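These notes concern the structure reproduced below.
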């Protein structure tokens, strides 16, 4: 059974709301160190040094139930991805992993998730990796996404930054909003490439948080160990 998020979707009984709430969603199949570093960069933006305790933002990690934009990876379950996310992000301050989209089930449309949590905070943020950022303007009810939340894209490398800056200008002109761009160091592999390496029993050093690697090996996710005939005891 999954645990419900502790972050309210509406103001408390006394009318209080979080100052800022960041949403970082994705399939996380599996969550890797690139995801963790992106979350850390997002937290640094939301809570710069010196932020008073009562003004600290919260970051909500939300694994997708079913993505409307791409085929879901084989070799895991929603519950396994939720466990991996808790192992990957559980050490971060001001951060919570939510089962909201997985518990709701069906196709996970970002705009509906933003509508659900908009009442919980004075300012809602959405963190987008580069692929997500470049296509966000074509998503379901894109105008409402930009209305409900402030958008922060994250770039890794000079060439990618130039591409994202051009897209940021397009979004700001099209939707009449201010869009943030964060920078991070390049990450060597995509989730697809990491899954392939797992299936081939390749080297995962530095690619996955230790707790995620442990879950993958224990539960034989993404065909881990199949090349060597390993089975669960």
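Residue numbers (my numbering): 129 to 361. Even for Gly, the Cβ is constructed at its ideal location relative to N, Cα and C. All of these numbers come straight from a predicted model, not from anything done at the bench.
Judged by DSSP secondary structure, residue 283 falls within the beta strand (DSSP E) whose first and last residues are 278-284.
One thing to note: residue 239 has its Cβ within 8 Å of the Cβ of residue 269. Remark: C-beta atoms of residue 343 and residue 215 approach each other more closely than 8 Å.
In the DSSP annotation of this structure, the continuous segment of the beta strand (DSSP E) that includes residue 148 starts and ends at 146-154. The region 228-280 contains, as complete alpha helix (DSSP H) runs of 4+ residues, the segments 228-232, 238-245, 258-263 and 270-276 (chain order).
Under the criterion of beta carbons closer than 8 Å, residue 219 and residue 335 do not qualify as touching, at roughly 17 Å. Sequence-distant partners of residue 225 (beyond 5 residues in either direction) whose C-beta falls short of 6 Å from its own C-beta, in its chain, are 189, 213, 214 and 217.
Taking residue 288 as the centre and dropping the five residues before and after it, the same chain places the C-beta of 258 closer than 7 Å to its C-beta, in chain order. In this structure the region 272-281 touches the region 295-314; the number of beta carbon pairs closer than 8 Å is three or more. Distance from residue 170 to residue 150 at the Cβ level is roughly 6 Å; contact confirmed, criterion being Cβ atoms closer than 8 Å. With fewer than 16 other Cβ atoms from the protein chains shown falling within 10 Å of its own Cβ, residue 232 counts as exposed.
Counting of Cβ neighbours within 10 angstroms places residue 175 among the buried residues, the total reaching 16 or more. For residue 186, DSSP records a beta bridge to 149. Taken atom to atom, the span from the alpha-carbon of residue 202 to that of residue 350 is near 7 Å. For the pair residue 330 and residue 248, the Cα-to-Cα distance works out to about 43 Å. Cβ atoms of residue 158 and residue 318 stay farther apart than 8 Å, at about 11 Å. Scanning its chain for C-beta atoms nearer than 8 Å, with the 5 sequence neighbours on each side dropped, one finds around residue 341 the residues 332, in chain order. The beta carbon of residue 271 sits closer than 7 Å to those of 303, all from its chain and outside the five residues before and after it, given in chain order. Residue state for residue 340 is assigned as helix, using DSSP reduced to three classes.
Annotation for residue 194: 200, 234, 235 and 236 place their beta carbon closer than 7 Å to its own, counting only its chain and skipping 5 residues before and after.
With 16 or more other Cβ atoms inside 10 Å of its own Cβ, residue 229 counts as buried. DSSP places residue 164 within a helical segment (H, G or I) once states are collapsed to three. If you ignore the 5 residues before and after residue 156, its C-beta comes within less than 7 Å of the C-beta of 163, 191, 209, 212 and 213, all in its own chain and listed in chain order. Less than 8 Å divides the Cβ of residue 148 from the Cβ of residue 250.
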